[in-house]
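Chains as they are written, first to last, in the UniProt record's numbering: chain A, 1 to 239; chain B, 1 to 290. Glycine included, each C-beta is placed from N, C-alpha and C at the ideal position.
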Amino acid sequence: MTDAILEIDDLDVYYGKSHALKGVSLSIGEGEIYGVIGPNGAGKTTMLNAIAGFVDYDGTVRYDGTDLAAVRPQRIVRDGLVYCTEDRDLFPYFSVHENLLMGAQFRDDRDGVRADLDMVYELFPRLDERREQEAETMSGGEQQMLAVGRALMSGPDVLMLDEPTLGLAPVIIQDIGAALETLQAQTGLTILLAEQNATFALTHADRLSLIETGEIELSGTHGEFHDNEYVREAYVGVH
Amino acid sequence: MLGDIATLVLQGTMISAVYALIAIGFTMIFGVGGTLNLAHGALIMSGAYVFGVLAQGAHPAVAFPITILVVALLSWGLYQILVRWVEENVVITFLATVIVAVAATEVILIRFGSSPLGMTLVSGAVNLEPYGINARPRIVQFVGFVISWVAIGLLWYYITKTDDGRSILAASMSERGAQLTGVDLHSVRSKTWLIAGALAGAAGIILGSTGGATPLMWLNPLALAFMIVVIGGIGSIKGSVVAAYVIGFLEQFTVTFVGHGFRGILSLVVLVVFLLFMPQGLYGREFAHD
C-alpha cells in the first residue's frame, strides 16, 4: 500500500449527549478511492464534517502529515482537502461558469485554473453545454456534476464526496462513476467516498469500510467486501 | 407641464443617485452577514461632518478621498470592535448599532452643537430656465450623480469580475458553499463593511454639501435605506439601485405635482404595497442567506 495521505485516528463526535462517532479510525492511501458505506444516520456525514473542520471532535485527523485540529476550514480547502457535501451547497444564482470560478477563487495560477476549467468541461460535457445557466435551475444530476466540478477547481489532492448518487437516475450515476474513475486514473486524485448506495461504492472503491451507529464494523479491500456474506445481504442485495 | 416633467426627471435622477449610494452598503451588509446595521445612517452623518471639518482647511478634492477613507475605516472598526462579537444575535446587533447611532448624535451635539454645519464640495448652479425647465440645479447635484455611478460601476466590476468581489456575492448566497470553496468568511465580512463605509462616506459628503450636516441627519437616510432594501429585495445590490430610483422618482413626483409637504407619502404607500403583496421585493431571489 502507498503512504497514507489522510489518517483518522480514534475520532469521537458528540451532538449534545448523543455519541455520533465512536472511535473511528481510517487510513486512506494516496491515489486510492476509499468507500465508506453504511445506513442513513450511521455517522458518515458526521465523519466528513469533522475532517473538514465543521464539527468539533476528539481524536486526530492527519492530512498530508499535518494535524488538522488547529487548521481552519478554509485553510484545509486551500491545502487541497476539498469537501463536496450531500447538500452540494452550490451558489444558486451564479451560473455554472461562475460556480466553477468560485472553486478556484483562492488560486493565483491563472494558467492552471484555465487548464482545470477545460478539464472539468471535458469531464462533464453537460456542464459545458450549460455554462451560462444558473445552478438553481439545473437538474439534480447536473447540480451534482457541478458540485464535483467546483470541488475539482480547487485543485484537490483529496476529494471527499458525500452521497454523490443520492436521488439520481442510473444513467447519471454511471456518468459520475466514470468521472471518478477517470480522475483517479488520470490525475491520481485520492477520493473518500461516503455512500448509502453500497453497489456504487463497491463498483468504484479500492478499499472500503462499513460504518454502523457510529462505529466501523468492517474494513477491507474491494474483494473482501464483495465476498462478504453480511455486506451482500444487508447492503448490496439482489435487485 | 412639460417644464414640470423635465424638472421631475432631472431632480429625480439626481436625488435617486444619492439614494442608491445610501442604500447599497446597507443591503450588502445585510446580504453577507445577515446583519441589520442601524448605525448605517450614523456612518453617513460622520461622512458629512468629517468632510465639513476637513473642507474648512483643505481643498475639497483632497478632503473628499480622505473622508471616504476615514468613514470606511470607521465602518470597518465598528465591525471589528463591536458587531463581529454579537452578529449571531439579531436583537443584540440591532440594539448595539442603534446605540452607536444615538451615541454619535450626542458626540456631535457636544462637539458641534445643534446648528447645521455648512460645507462646499462644488459651488455654483446651472440656470435651466432658458431651456424651459423650471429649476436651478446646483452643480454639486450633478457631481453627486456622477460620484454615485462611478461608485456603482466600480462596485459592479469588483463583485462580478474579480474573485475577491465574487466571494462577497457568493457568501451572501451560501455561507457553507463559500467555506467549501476556501472563502474566509471573516475577511469577506470585513471587506463588506469597508466598502459599505466608503459608500456611506460618499453619500454623507453629498448630503452635507446639499443640505448641511445636522446631528439628526442619520435618521432620514436610515429610513430610506430600509425602504429601498425592502422594495429592491433584501440583499440584492441591483434591487437597491433600481428601488433607489423608484423611491427617488416617487418623491420627486409628489413634490412636483402635489406639494413639498407630502414628499414621502407616495413612497410609503408603495412600501406598504410591497410589504403586503411582494415581501421578497423586486430582486429578492438573490437573497438566499443560510
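Between the stretch 79-92 of chain B and the stretch 227-247 of chain B, the count of C-beta pairs closer than 8 Å stays below three; the two stretches do not touch. The alpha-carbon of A/R150 is positioned some 33 Å away from that of A/E217. Close CB contacts of B/G284 within its chain, under the 6 Å cut and outside five residues either way in sequence, are with G233 (chain order). With respect to the 9 Å criterion, B/W156 and B/A42 are not classified as neighbours on the basis of their beta carbons. Under the three-state reduction of DSSP output, B/V98 falls in the helix class. The DSSP assignment places 81-84 as complete runs of the beta strand (DSSP E) inside the stretch 69-108 of chain A, in order along the chain (cut-off: 3 residues). Residue-level contact by beta carbon fails for B/G284 and chain A, as no gap is shorter than 9 Å. Residue A/D89 holds the alpha-carbon nearest to the alpha-carbon of A/Q144 among A/E30, A/D89, A/S219.
Under the three-state reduction of DSSP output, A/L189 falls in the coil class, being neither helix nor strand. Between A/G23 and A/Y57, the alpha-carbon positions lie close to 10 Å from each other. Under the Cβ distance rule, A/E98 counts among the residues neighbouring chain B, one pair being separated by less than 9 Å. Around B/D184, the beta-carbon contacts reaching into chain A at under 7 Å are Q74. By the Cβ neighbour-count rule, A/K44 is buried, with 16 or more other Cβ atoms within 10 Å of its own.
Listed as beta-bridge partners of A/S209 by DSSP are A/V36, A/S219.
C-alpha of B/L69 to C-alpha of A/S27: approximately 52 Å in a straight line. Across the set B/A198, B/D184, B/M45, B/E129, the C-alpha of B/A198 shows the shortest separation from the C-alpha of B/V150. Close to A/F106, with beta-carbon spacing below 7 Å, are these residues of chain B in chain order: G182.
Every alpha helix (DSSP H) stretch that sits fully inside the stretch 15-62 of chain A and reaches 4 residues is listed by chain position as 44-52.
With respect to A/R72, A/I8 sits apart: the two C-beta atoms are not nearer than 9 Å. Annotation for B/L82: no beta strand (DSSP E) segment contains it, and DSSP assigns it neither H nor E.
Around the Cβ of B/L2, a 10 Å sphere holds fewer than 16 other Cβ atoms; the residue is exposed.
Annotation for B/L154: the continuous alpha helix (DSSP H) segment containing it runs 139-161. Between B/R176 and A/D87, the C-beta gap is smaller than 9 Å, which places the two residues in contact. The shortest CA-to-CA distance from A/A198 to any of A/G16, A/G35, A/D67 is the one to A/G35.
For A/D89, the closest Cβ of chain B is nearer than 9 Å. Residues of chain A with a Cβ closer than 8 Å to the Cβ of B/S167 are, in chain order, M102, Q105. Residue burial is scored here from C-beta neighbours: B/S75 has at least 16 other C-beta atoms within 10 angstroms and is therefore classed as buried. Shortest Cα-Cα distance from B/S187 to any of B/R84, B/L266, B/L117 involves B/R84.
The beta carbon of B/S240 sits closer than 7 Å to those of A20, A23, I24, T27, I228, V229, G232, all from its chain and outside the five residues before and after it, given in chain order. Secondary structure note for A/D162: its beta strand (DSSP E) is the uninterrupted segment 158-162. By the 16-neighbour rule on beta-carbons within 10 angstroms, B/G248 is buried. Neighbours of A/T85 in chain B, taken as residues whose beta carbon is under 8 Å from its own, are R176, L180 in chain order. For A/R78, the chain B residues whose C-beta falls within less than 7 Å of its own C-beta are G182, listed in chain order. For A/V82, at least one C-beta of chain B is nearer than 9 Å to its own C-beta. By the neighbour-count criterion, in which 16 or more other beta carbons inside 10 Å mark a residue as buried, A/P164 falls on the buried side. Approximately 7 Å separates the beta-carbon atoms of A/H222 and A/R207; this is inside 8 Å, confirming the contact.
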